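Here the sequence shown is numbered in my numbering, starting from 2 and rising by one per residue.
Every residue, glycine too, gets a C-beta built ideally from N, C-alpha and C.
Here the structure is a predicted model, which means the values were calculated and not measured.
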Amino acid sequence: METKLLRWTAGVTRMDRIRNVIRKKFGVAPIADKMLETRLRWYGNVLHGEENSVRKIGLNFEVIGKGPEWRRKQRWSDTLHMDLKVAGVHQR
Numbered sequence: 002m003e004t005k006l007l008r009w010t011a012g013v014t015r016m017d018r019i020r021n022v023i024r025k026k027f028g029v030a031p032i033a034d035k036m037l038e039t040r041l042r043w044y045g046n047v048l049h050g051e052e053n054s055v056r057k058i059g060l061n062f063e064v065i066g067k068g069p070e071w072r073r074k075q076r077w078s079d080t081l082h083m084d085l086k087v088a089g090v091h092q093r
């Protein structure tokens with residue numbers, strides 16, 4: 002649910018800055034949790050797909066080139082690995 006609508010329903014203005022309190026009051030999940038849930042659902046669909054499908058190729062895609070030395074480039078598999086760790090699910 003949009004935060005603007007939640008604020009209007011609760012009678013709270015933007016000056017109050019209690020965004021998380023409003024979400025808890027109405028039982029709305031944080032956006033980060035919803036994104037994690039969506040990525041894990043997508044990952045399940047990729048695992049069941051064909052080997053030569055675009056989504057499976059994109060999952061294991063290696064980024065070529067040299068990026069900043071202090072940070073390596075992040076791939077989909079890196080993000081999914083962290084999501085699985087947060088969710089407490091072990092990859093087979």
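Spatial neighbours of Met36 within its chain, please: CB distance less than 8 Å, with the 5 preceding and 5 following residues excluded, ordered by chain position.
Within the sequence shown, residue 36 is the residue found at index 35, counting from 1. So the list is empty, once near-sequence residues are dropped.
Assuming Ala11 contacts Lys26 under a Cβ cut-off of 8 Å, what Cβ separation, rounded to an integer in Å, is found between them?
On the sequence shown, position 10 is the one that residue 11 refers to. On the sequence shown, position 25 is the one that residue 26 refers to. Correct: roughly 7 Å between the Cβ atoms.
For Gly59 and Trp77, I'd like the C-alpha separation in whole angstroms.
On the sequence shown, position 58 is the one that residue 59 refers to. On the sequence shown, position 76 is the one that residue 77 refers to. When rounded, the distance between both Cα atoms is 8 Å.
For a minimum of 4 consecutive residues, which ranges assigned as the alpha helix (DSSP H) are wholly contained in the segment 2 to 39?
Runs of the alpha helix (DSSP H) inside the segment 2 to 39: 4 to 11, 20 to 27.
According to DSSP, simplified to helix, strand and coil, what is Asn53?
As a working mapping, residue 53 is identified with position 52 in the sequence shown. In this structure, Asn53 counts as coil in the three-state DSSP scheme.
Grouping DSSP H, G and I as helix and E and B as strand, with all else coil, what is Ile65?
Within the sequence shown, residue 65 is the residue found at index 64, counting from 1. Residue state, collapsed to three classes: coil.
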